[in-house]
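Report on the following structure.
Number of protein chains: 2
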Amino acid sequence: MTINAKKPLPSWNDGPVRETIVRFVENAVGKERSDYIHPNDRIAVFDNDGTLWSEKPIYFQLAFAIEQVQQQAGDHPEWGDDPVLAAAIHGDFDKILEGGVRAILHLALANVRGETTEEFEDAVREWIGRARHPDTDRLYTEMVFQPMLELLAYLQSNDFRTFIISGGGLEFMRVWAEEVYGIPPEQVLGSSFKAKYELRSDGPVLVRLAEVDHFDDGEGKPVGIHKFIGRRPVFAFGNSDGDLPMMQWTAAGDGPRFVGFVHHTDAEREWAYDRDSIVGRFDKGLDEARARGWTLVDMKVDWKVVYPLE
Amino acid sequence: MTINAKKPLPSWNDGPVRETIVRFVENAVGKERSDYIHPNDRIAVFDNDGTLWSEKPIYFQLAFAIEQVQQQAGDHPEWGDDPVLAAAIHGDFDKILEGGVRAILHLALANVRGETTEEFEDAVREWIGRARHPDTDRLYTEMVFQPMLELLAYLQSNDFRTFIISGGGLEFMRVWAEEVYGIPPEQVLGSSFKAKYELRSDGPVLVRLAEVDHFDDGEGKPVGIHKFIGRRPVFAFGNSDGDLPMMQWTAAGDGPRFVGFVHHTDAEREWAYDRDSIVGRFDKGLDEARARGWTLVDMKVDWKVVYPLE
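Quick note, the sequences are listed as chains G and L, same order. Residue numbers for the first sequence follow our numbering, beginning at 86 and rising by one. Residue numbers for the second sequence follow our numbering, beginning at 86 and rising by one.
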């Protein structure tokens, strides 16, 4: 028990996946080893939806955006003519999901109504503190993956800087990422809107604009990594085709690299899906991971528990 | 001598400015003090040109951009018809300076010719390693301010995360900021161009595009701070009107704040300029700093040395 308490990644079953991760980290910090990585270069990037927390039946941020649309719909009769907004008002998730991550952006853009960045953060904070998942009745922040929390902490304790690189909204995640993941706001990258500075009589504010600034999915992920981090990660974790360019970009660097995907194989404890899922489709990424020998986490096999409260 | 070696900020003369900085930092880290700042919130932001290194007779990055234009001019006879590019070809600095920071962007955009981000970084690295200042014949990286290097190190050793927030190019500064300032690429923010991901036969690359992504001067600074850092700094240093919105944004937060400007008052060791200078104009900022009691560094009075080699 004393020994186990000090063993890293206690919620990961022994096996090749856990072994690959631990060996990579031990080599990275062992100065005498050929796969040593200087602390400056210990950049680890993680997708969020489906990698650090669940994403079924709909991306969690989509639940927030739908609620916001429903709350504002009374002031916007014209929204009934917009297929995506109408679907949100009627809670027709399938219809929205057909539009993928871009449909979330569309909903989020509709919700921009001249609020300041602080007002938006307050709305997220209020929602994330009380909204519950329709299937599990848990808070969304209780549906993060315990093994991944341990992995983040393990990397952080070995002087890796851990970043989130998500298709989801940067301002949405930053509100709770530090408390939940130990990842500070400046290490959270996601899709974002433009903002403008206004000097009001009671002080300066930033007002959110209904204009996409950066779309952080697919090819937008390596572009975002270059823009925000400015150097290539040595460690990357994702779960879907939207992460594939980030994986290719990470893998193409010199020296030791770790590239891993969470494969959702556990219909009992979480969800099982890959090639045919609209949310978190994992098809080309699965083929490329197998062809290139990247690490595939078989959730059912590799994880002792899924959520922290189990 | 032993005591002095441990005294922070040895190149700063004793006086109210040095005292204000040291008191702010000592309060920030003293858990029992009312002005204590949690390490998570110890975000310090610095302008670069004129704040961390000199900027006369022209912004140093402008010297790089002009050289690039001159090298490529033979392939672009049409550049002779562009007033700014023609001025660059003829080395007419005054003409370019009339356009301010935007003229640098114009030159930098002209230099974008389908190169990858790595090719651009190589070009910057080559130039910064050999180019010398026209007046001092020093490498540009030898014209950083020794007192500010000490201030960065002092803040870093007290668990502040130090960021550069510059109107200059993010990809230009990142090449040398870590070695010179101890500031890693992910903590360097500046003006940037868009880029696109390409999967080539020999691997993925990011190709620079001749399109401005973020213009990080004036009101772009607080917008950029929100986008990249995601929380408000507690400590800000600048030197010109282009930094004023960043200072207002920093000052408007709750709790203890430090806001300081470098005032270029030393015509002998560096340059003396403020309200009437095109480069680094300091006019509205000077008035507002005085009105609000922000810290004004009088370079001639407050700094024992200016450059590291003195």
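Note that beta-carbon positions come from the ideal geometry of N, C-alpha and C, so glycine has one too.
Assuming residue i and residue j are in contact, meaning their beta carbons sit under 8 Å apart, how far apart are those beta carbons, in whole angstroms?
i, j, result
"residue 136 of chain L", "residue 322 of chain L", "6 Å"
"residue 149 of chain G", "residue 293 of chain G", "Contact flag wrong, Cβ pair sits at about 15 Å."
"residue 335 of chain L", "residue 383 of chain L", "Contact doesn't hold; Cβ gap of about 21 Å is too wide."
"residue 307 of chain L", "residue 291 of chain G", "6 Å"
"residue 311 of chain L", "residue 280 of chain G", "6 Å"
"residue 170 of chain G", "residue 143 of chain G", "Incorrect: roughly 15 Å between the Cβ atoms, too far for contact."
"residue 139 of chain L", "residue 228 of chain L", "5 Å"
"residue 62 of chain L", "residue 217 of chain L", "Residue coverage of chain L in this structure runs from 86 to 395, which leaves residue 62 of chain L outside it and unanswerable."
Give every residue of the same chain whose Cβ lies closer than 8 Å to the Cβ of residue i, excluding the five residues on either side of it in the sequence, and list them in chain order.
i, result
"residue 115 of chain L", "121"
"residue 249 of chain L", "130, 131, 132, 133, 137, 258, 262, 266, 268, 272, 273, 274 and 275"
"residue 174 of chain L", "154, 155, 158, 164 and 165"
"residue 128 of chain G", "245, 246, 248, 314, 316, 317, 318, 319 and 320"
"residue 98 of chain L", "386, 387, 388 and 389"
"residue 297 of chain G", "190, 194, 276, 277, 278 and 279"
"residue 89 of chain L", "Caution is warranted here: a pLDDT of 48 is assigned to residue 89 of chain L, below 50, making its placement in the model unreliable, and no coordinate value can be reported."
"residue 107 of chain G", "93 and 94"
"residue 196 of chain L", "150, 153, 154 and 157"
"residue 348 of chain G", "324, 359, 367, 371, 381, 382, 383 and 384"
"residue 184 of chain G", "169 and 191"
"residue 289 of chain G", "282 and 283"
"residue 369 of chain L", "326 and 329"
"residue 207 of chain G", "none"
"residue 100 of chain L", "386 and 387"
Between the Cα of residue i and the Cα atoms of the options, which residue gives the shortest distance?
i, options, result
"residue 359 of chain L", "L:124, L:221, L:326 and L:390", "L:326"
"residue 211 of chain L", "L:198, L:297 and L:226", "L:226"
"residue 343 of chain L", "L:303, L:171 and L:102", "L:102"
"residue 125 of chain L", "L:186, L:319 and L:300", "L:319"
"residue 240 of chain L", "L:338, L:93, L:195 and L:351", "L:93"
"residue 375 of chain L", "L:199, L:194 and L:332", "L:332"
"residue 95 of chain L", "L:222, L:386, L:235 and L:354", "L:235"
"residue 193 of chain L", "L:217, L:252, L:219 and L:215", "L:252"
"residue 378 of chain L", "L:243, L:346, L:177 and L:255", "L:346"
"residue 123 of chain G", "G:381, G:380, G:223 and G:243", "G:243"
"residue 180 of chain G", "G:162, G:289 and G:147", "G:147"
"residue 282 of chain G", "L:260, L:309 and L:270", "L:309"
"residue 202 of chain G", "G:260, G:161 and G:176", "G:260"
"residue 264 of chain L", "L:287, L:354, L:237 and L:177", "L:237"
"residue 354 of chain G", "G:207, G:341 and G:391", "G:391"
In its own chain, which residues sit with a C-beta less than 7 Å from the C-beta of residue i, not counting the 5 before and 5 after it?
i, result
"residue 373 of chain L", "329"
"residue 141 of chain L", "356 and 364"
"residue 118 of chain L", "112"
"residue 255 of chain L", "273, 274, 275, 276 and 277"
"residue 213 of chain G", "225, 226, 260 and 261"
"residue 199 of chain G", "292"
"residue 167 of chain L", "none"
Give me the DSSP bridge partner(s) of residue i.
i, result
"residue 323 of chain L", "L:346"
"residue 97 of chain L", "L:388"
"residue 131 of chain L", "L:249 and L:322"
"residue 237 of chain G", "Answer is none; residue 237 of chain G lacks a bridge partner."
"residue 224 of chain G", "G:217"
"residue 138 of chain G", "G:134 and G:229"
"residue 273 of chain G", "G:249"
Starting from the C-beta of residue i, find all residues in its chain whose C-beta is less than 6 Å away, skip the five residues before and the five after it, and write them out in chain order.
i, result
"residue 338 of chain G", "317"
"residue 145 of chain G", "225"
"residue 304 of chain L", "330"
"residue 232 of chain G", "96, 97 and 388"
"residue 302 of chain L", "186, 252 and 327"
"residue 295 of chain G", "194 and 197"
"residue 393 of chain G", "231"
"residue 110 of chain G", "243"
"residue 209 of chain G", "257 and 260"
"residue 188 of chain L", "169 and 181"
"residue 341 of chain L", "120"
"residue 270 of chain L", "259"
"residue 395 of chain G", "none"
"residue 172 of chain G", "180 and 181"
Under a CB-based cut-off of 9 Å, is residue i close to chain A?
i, result
"residue 232 of chain G", "In the structure shown, chain A cannot be found, because the protein chains are G and L."
> Whole alpha helix (DSSP H) runs in the segment 355–394 of chain G with 4 or more residues, listed along the chain?
Replying inline: DSSP runs (the alpha helix (DSSP H)) wholly in the segment 355–394 of chain G: 369–377 and 384–387.
> Where in the segment 155–197 of chain G do unbroken runs of the alpha helix (DSSP H), each at least 4 residues long, occur, reported from the N-terminal end onward?
Replying inline: If we require 4 residues or more, the alpha helix (DSSP H) runs fully inside the segment 155–197 of chain G come out as 168–174, 178–182 and 185–196.
>> Extract the residue ranges of the beta strand (DSSP E) inside the segment 275–333 of chain G, only unbroken runs of 3 or more that lie entirely within it.
In response: Qualifying beta strand (DSSP E) stretches, in chain order: 288–299 and 320–323.
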